[in-house]
Amino acid sequence: MTGIAVTAAAALVAGYLLGRLRPWQRLGNWTTDQVRFTGT
């Protein structure tokens, strides 16, 4: 049962961090910057 609790806690933390960091938004910003700097 302990493993299930640890897995659930890890999933919650991972989901929280994904919500806080929003890596997809950073990736979009990086892509926009690349397009702006390279002029493509």
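Following our numbering, the numbering of the sequence shown begins with 2 at its first residue and continues without gaps. Built from N, CA and C at the ideal position, the CB exists for glycine as well. Remember, it's a predicted structure, so these values are computed and weren't measured experimentally.
Segment limits, alpha helix (DSSP H) that includes residue 20: 3–22 is the extent of the alpha helix (DSSP H) around residue 20.
Once DSSP output is grouped into helix, strand and coil, what is the label at residue 40? The answer is coil: DSSP assigns residue 40 none of H, G, I, E or B.
Rounded to the nearest angstrom, what separates residue 26 and residue 18 at their Cα positions? 13 Å
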